[in-house]
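J.:
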Amino acid sequence: MSFKKREGTIEKALTPEEQLLKIYEVRHMIGPIADKLPAICSEESIARYLRARNWNTKKAGKMLKETIKWRMEYKPEKIRWENIAPEAETGKIYRANYFDKCGRAILIMRPGFQNTNAVNGQIIISLKVTRETAKVLQNHYPERLGLGILYNPPKIFESFWTMVKPFLEPKTYKKMKFVYSDNPQSQKIMEDLFHMDKLESAFGGKNSCGFDYQAYAQRMREDDKKMSSFIDSGCSPSVISELQQSDALASGHCSEISDEGGCSSCDEAASSNLDVVDEKIQGQPLDSKDVANGNTTLPKEMQMSEPA
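For the sequence shown, the residue numbers in full-length UniProt numbering are 1 to 308.
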């Protein structure tokens, strides 16, 4: 293990074997309940939580536990295309049908293509909503942003960015890049990241086809079918209440964890709570053998890549 300096911070540089051991340790902390949530508790997903917490297993385990609770309460995976279809009618927000040169998915947002005129269709984004949105994205979708590009942003956005920036972690806002079409140096960012023959002409590319809502809607419906067959938590409705009860019992003797400091007793309680919850679900005692002999088989080595 070594350390590397990245964007003003010191981060651990682990070998694939060391990374794999830490992933296995987090799965051990989460316990058999991880097998009920194969998507969120996959090796790749756990690795993202570890990266977000600089490979601190106790912090990552606590963070993942909070996400499990949040997902079981809000069920974001149940959102379907028909629920959000109006948002894409004018092409103001959609997922591109191509990837960048790193193989990452591309989400395009064009606020200028607003399609709501009636008062009922308008939403005023308050500072509180902005803060809560940033909190959800950072806490429950860690390391999902590869890079954020603000293409030809209006001058008014600079003041908005000044307000939003304090709510973002340094690691997140440093991924944001401002690109201007009349600046050859910043335009090179687009050329380095995207295949110009696929990138829309609105962003300096050579693709002049434009946004096709009907084709996009069909693609989203097909994605819904794939999502329905892929995501199946298998958890009973009582799991969330069990987690909340366990937290209430532990909250009396837990202290807050700091960003720079070590882990408090709250971290140990968090992993212990999950074991208690799963023990109640299974109706049988748990020990280390239950985890070691679980259904998940770990490979001998794993290549870690930049998050999509």
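No residue lacks a Cβ here, since even glycine has one placed at the ideal position from N, Cα and C.
So what does DSSP say about Y94, is it helix, strand or coil?
T.: One-based indexing of the sequence shown puts residue 94 at position 94. Strand, per DSSP.
J.: Quick check on this structure: which residue in S159, K92, M190 has the alpha carbon closest to the alpha carbon of D212?
T.: Taking the first residue of the sequence shown as position 1, residue 212 is located at position 212. Per the Cα distances, K92.
J.: Cβ atoms of P142 and Y49: under 8 Å apart, would you say?
T.: Taking the sequence shown and counting its residues from 1, one reaches residue 49 at position 49. Taking the sequence shown and counting its residues from 1, one reaches residue 142 at position 142. Cβ distance < 8 Å, so Y49 and P142 count as in contact.
J.: Can you tell me whether G61 is helix, strand or coil according to DSSP?
T.: Within the sequence shown, the letter at position 61 stands for residue 61. Note: G61 maps to helix in three-state DSSP.
J.: Compare the C-beta of A202 with all C-beta atoms of chain B and state if any pair is closer than 8 Å.
T.: No chain B appears in the structure shown, which is made up of a single protein chain.
J.: Report the residue from K177, P166, H28 whose alpha carbon sits nearest the alpha carbon of P153.
T.: Numbered from its first residue, the sequence shown carries residue 153 at position 153. Ranking K177, P166, H28 by Cα distance to P153 puts K177 first.
J.: Assuming G61 and M29 make a contact with CB atoms under 8 Å, what is their CB distance in whole Å?
T.: Sequence index remark: in the sequence shown, residue 61 carries index 61 (1-based). Sequence index remark: in the sequence shown, residue 29 carries index 29 (1-based). That belief holds up - the Cβ atoms of G61 and M29 are roughly 4 Å apart, short of 8 Å.
J.: Leaving aside the five residues before and after F113 along the sequence, list all residues of the same chain whose C-beta is less than 8 Å from its C-beta, in chain order.
T.: If you number the sequence shown from 1, residue 113 lands on position 113. Result list for F113: T90, G91, K92, in chain order.
J.: Leaving out five residues before and five after M196 in sequence, what residues of the same chain have Cβ atoms less than 7 Å from its Cβ?
T.: For the purposes of this step, residue 196 is taken as the residue at position 196 of the sequence shown. The residues are G205, K206.
J.: Which residue wins for smallest C-alpha separation from K225, given the options I23, C41, W81?
T.: Within the sequence shown, numbered from 1, the residue matching residue 225 stands at position 225. Checking every option, the nearest Cα to that of K225 belongs to W81.
J.: Who are K177's beta bridge partners in DSSP?
T.: Taking the sequence shown and counting its residues from 1, one reaches residue 177 at position 177. I149, per the DSSP bridge assignment.
J.: Considering only their Cβ atoms, is the gap separating G148 from K175 smaller than 8 Å?
T.: Mapped onto the sequence shown, residue 175 falls at position 175. Mapped onto the sequence shown, residue 148 falls at position 148. Yes; because the gap between Cβ atoms is below 8 Å, this pair is in contact.
J.: In this structure, what does DSSP give as the bridge partners for E200?
T.: On the sequence shown, position 200 is the one that residue 200 refers to. N207, per the DSSP bridge assignment.
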